[in-house]
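Numbered per our numbering, the sequence shown finishes at 241, counting up by one with no gaps.
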Amino acid sequence: MVGGGSDGGRLALAAAQARVPAGHRHIILTGPQMPPEDHSRVQKAVAASPDAAQIQVTRLAPHVPQLVREAAAVVSMAGYNSTAEIMATTTPALLVPRATRRAEQPRRAAALAAVGAVDTLALEDLSARTLGRWLTGAVTRRCDRSAVDLDGLTRIGALAAAELSLTARPVPRHPASAAALGAATPLSPPAAEARIESHVR
């Protein structure tokens, strides 16, 4: 899986060139945003593969979470949505994060690999042979991710509140202290009108 596919051409091409484990088939999702020339290269690589009859290339697929859940193994970039779909399953996963733009994909992949939830491969180490070897081993096992807390939606409020309680600055009660910190003190009506008028001129 390469998310939208705009920068997933290299991974999709390596997947198209990798050998398919015996008794399995590849489904390569190139994404709706993959440039036509990259998509064409993937299709040509599949046509030249000795496993061509076992490989399907498509830009889109319905029910991707179900595909991930039922797959013997999955190779993916480390985008948020793709990773979330993987983490909800026991499907072995190899994450190949993008190396450009933001650093969130490498960080996400490294954090999940550190707890044994995924395997990772740097983009510069990517090759069809490496993918083929990983797939051959991965399709014989499942991945237990039950130790990873996936209850973030219900916990985010408490985590945010705890963070705010650590960083919030207390509001002083004494007017003099408030003025020293730059807080507004009540103005008499004429003074307030003068202040407002000076700002709108």
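All C-beta atoms in this analysis are idealised placements derived from N, C-alpha and C, irrespective of residue type, glycine included.
Candidates the options, of which the one nearest residue i by Cα
i, options, result
"residue 113", "44, 181, 141", "181"
"residue 56", "150, 78, 205, 162", "78"
"residue 142", "119, 130, 164, 131", "119"
"residue 38", "193, 54, 46", "No answer is possible for residue 38: the residues shown for the chain start at 41 and end at 241."
"residue 155", "173, 94, 127, 170", "127"
"residue 175", "196, 206, 105, 131", "131"
Separation of residue j from residue i, as counted between CA atoms
i, j, result
"residue 58", "residue 68", "11 angstroms"
"residue 201", "residue 90", "56 angstroms"
"residue 97", "residue 76", "13 angstroms"
"residue 135", "residue 148", "9 angstroms"
"residue 95", "residue 192", "36 angstroms"
First and last residue of the uninterrupted beta strand (DSSP E) at residue i
i, result
"residue 98", "95-98"
"residue 69", "66-69"
Bridge-paired residues (DSSP) for residue i
i, result
"residue 114", "133"
"residue 159", "134"
Other residues of its chain near residue i: CB distance less than 6 angstroms, five sequence neighbours each side excluded
i, result
"residue 157", "185, 188"
"residue 42", "48, 51, 52, 71, 117"
"residue 152", "158"
7 angstroms Cβ shell around residue i - same chain, five flanking residues per side excluded
i, result
"residue 179", "61, 64, 112, 113"
The alpha helix (DSSP H) enclosing residue i, as first and last residue numbers
i, result
"residue 166", "Segment: none, residue 166 is in no alpha helix (DSSP H) and carries neither H nor E."
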